[in-house]
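Remarks on the structure that follows.
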Amino acid sequence: NWANEIGADPEQPDAPPIATEFVGTSIASGGDGVARPRYLDALLAENPFVKFHNEERGYVRCEITPQAWRTDFRTVPYITRRGAPLQTRASFLVESGRPGLNRIAG
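Under my numbering, the first residue of the sequence shown is numbered 1, with each subsequent residue one higher.
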(Lines of atoms letter the chains of each structure in order from A and count residues from 1; the text may use other names and numbers.)
(Lines give C-alpha, C1' and ligand atoms only; values in the text may rest on other atoms or scores of the structure.)
Protein backbone atom coordinates (compact mmCIF):
# COMPACT_ATOMS: atom_id res chain seq x y z
CA ASN A 1 0.00 0.00 0.00
CA TRP A 2 1.27 3.43 -0.93
CA ALA A 3 0.01 7.02 -0.80
CA ASN A 4 2.32 9.41 -2.66
CA GLU A 5 2.44 13.07 -3.61
CA ILE A 6 3.90 13.55 -7.08
CA GLY A 7 5.90 16.73 -7.68
CA ALA A 8 6.74 18.39 -10.97
CA ASP A 9 10.47 17.99 -10.29
CA PRO A 10 11.72 14.89 -8.43
CA GLU A 11 14.97 16.73 -7.65
CA GLN A 12 13.05 19.28 -5.54
CA PRO A 13 11.28 17.32 -2.78
CA ASP A 14 9.86 20.50 -1.20
CA ALA A 15 8.08 21.59 -4.39
CA PRO A 16 4.29 21.57 -4.13
CA PRO A 17 2.59 18.40 -5.41
CA ILE A 18 0.94 18.38 -8.82
CA ALA A 19 -0.74 14.97 -8.42
CA THR A 20 -1.46 12.21 -5.93
CA GLU A 21 -1.06 8.47 -6.27
CA PHE A 22 -2.72 5.59 -4.41
CA VAL A 23 -1.46 2.03 -4.82
CA GLY A 24 -2.98 -1.06 -3.23
CA THR A 25 -1.24 -4.26 -2.26
CA SER A 26 -2.26 -7.69 -3.44
CA ILE A 27 -5.16 -9.27 -1.62
CA ALA A 28 -3.48 -12.62 -1.00
CA SER A 29 -0.27 -13.22 -2.96
CA GLY A 30 2.87 -13.17 -0.86
CA GLY A 31 1.23 -14.49 2.30
CA ASP A 32 0.76 -12.48 5.47
CA GLY A 33 1.90 -8.89 5.29
CA VAL A 34 3.10 -6.50 7.97
CA ALA A 35 1.80 -3.13 9.11
CA ARG A 36 5.28 -1.63 9.51
CA PRO A 37 8.08 -3.08 7.35
CA ARG A 38 11.59 -3.06 8.90
CA TYR A 39 12.83 -0.67 6.20
CA LEU A 40 9.99 1.88 6.57
CA ASP A 41 11.95 4.66 8.29
CA ALA A 42 14.70 4.55 5.65
CA LEU A 43 12.17 4.43 2.82
CA LEU A 44 10.33 7.50 4.13
CA ALA A 45 13.59 9.40 4.75
CA GLU A 46 14.87 8.70 1.24
CA ASN A 47 11.51 9.33 -0.49
CA PRO A 48 9.78 12.40 0.96
CA PHE A 49 6.96 12.08 -1.57
CA VAL A 50 5.84 8.82 0.11
CA LYS A 51 3.27 9.75 2.75
CA PHE A 52 2.09 6.23 3.63
CA HIS A 53 3.34 2.69 3.07
CA ASN A 54 2.64 -0.68 4.60
CA GLU A 55 2.62 -4.31 3.49
CA GLU A 56 -0.61 -5.66 4.94
CA ARG A 57 -2.97 -7.43 2.56
CA GLY A 58 -6.27 -5.83 1.67
CA TYR A 59 -7.77 -3.36 -0.77
CA VAL A 60 -8.16 0.35 -1.44
CA ARG A 61 -11.65 1.83 -1.18
CA CYS A 62 -12.24 5.15 -2.96
CA GLU A 63 -15.16 7.55 -2.72
CA ILE A 64 -15.14 10.24 -5.39
CA THR A 65 -17.32 13.36 -5.53
CA PRO A 66 -16.92 16.64 -7.44
CA GLN A 67 -15.50 18.15 -4.24
CA ALA A 68 -13.04 15.49 -3.10
CA TRP A 69 -11.46 12.05 -3.44
CA ARG A 70 -11.34 9.94 -0.28
CA THR A 71 -9.19 6.81 -0.08
CA ASP A 72 -9.32 4.23 2.71
CA PHE A 73 -6.65 1.53 2.95
CA ARG A 74 -8.62 -1.48 4.24
CA THR A 75 -6.32 -4.20 5.54
CA VAL A 76 -6.15 -7.44 7.49
CA PRO A 77 -3.25 -8.46 9.74
CA TYR A 78 -3.07 -11.98 8.31
CA ILE A 79 -4.51 -14.14 5.52
CA THR A 80 -3.07 -17.55 6.42
CA ARG A 81 -5.99 -18.44 8.68
CA ARG A 82 -9.66 -17.54 8.95
CA GLY A 83 -11.15 -14.72 10.98
CA ALA A 84 -8.76 -11.83 10.31
CA PRO A 85 -10.34 -8.55 11.43
CA LEU A 86 -10.79 -5.95 8.69
CA GLN A 87 -9.53 -2.50 9.63
CA THR A 88 -9.01 0.87 8.03
CA ARG A 89 -5.24 1.32 8.33
CA ALA A 90 -5.16 4.88 6.88
CA SER A 91 -7.50 7.34 5.17
CA PHE A 92 -6.67 10.30 2.94
CA LEU A 93 -8.65 13.14 1.39
CA VAL A 94 -7.67 15.01 -1.77
CA GLU A 95 -9.72 18.15 -2.30
CA SER A 96 -10.74 19.25 -5.79
CA GLY A 97 -8.09 21.59 -7.21
CA ARG A 98 -5.59 20.74 -4.44
CA PRO A 99 -3.44 17.72 -5.34
CA GLY A 100 -1.84 17.30 -1.90
CA LEU A 101 -2.74 14.49 0.52
CA ASN A 102 -4.61 15.20 3.74
CA ARG A 103 -4.39 12.29 6.15
CA ILE A 104 -7.69 12.07 7.99
CA ALA A 105 -7.30 8.76 9.86
CA GLY A 106 -4.78 6.10 10.78
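Even glycine gets a Cβ: it sits at the ideal position worked out from N, Cα and C.
Starting from the C-beta of residue i, find all residues in its chain whose C-beta is less than 7 angstroms away, skip the five residues before and the five after it, and write them out in chain order.
i: residue 8; result: 15, 18
i: residue 81; result: none
Taking 8 angstroms as the limit between beta carbons, can you name the residues of its chain near residue i, skipping five residues before and five after?
i: residue 44; result: 50, 53
i: residue 2; result: 21, 22, 23, 50, 52, 53
i: residue 84; result: 76, 77, 78
Is it true that the CB of residue j sits closer than 8 angstroms to the CB of residue i?
i: residue 79; j: residue 59; result: no
i: residue 104; j: residue 86; result: no
i: residue 88; j: residue 57; result: no
Going by beta carbon distance, what residues of the same chain come within less than 6 angstroms of residue i, once the five residues before and after it are set aside?
i: residue 61; result: 72, 74
i: residue 70; result: 63, 93
i: residue 99; result: 17, 18, 19, 20
What number of angstroms, rounded off, separates the C-alpha of residue i from the C-alpha of residue j?
i: residue 46; j: residue 101; result: 19 angstroms
i: residue 97; j: residue 4; result: 17 angstroms
i: residue 108; j: residue 68; result: The shown model of the chain, from 1 to 106, leaves out residue 108, and the question about it has no answer.
i: residue 171; j: residue 30; result: No answer is possible for residue 171: it lies beyond the span of the chain, which begins at 1 and ends at 106.
i: residue 42; j: residue 10; result: 18 angstroms
i: residue 66; j: residue 6; result: 21 angstroms
i: residue 40; j: residue 95; result: 27 angstroms
From the options, pick the residue whose C-alpha is nearest to that of residue i; which is it?
i: residue 48; options: 30, 68, 12; result: 12
i: residue 106; options: 90, 10, 35, 67; result: 90
i: residue 32; options: 95, 55, 39; result: 55
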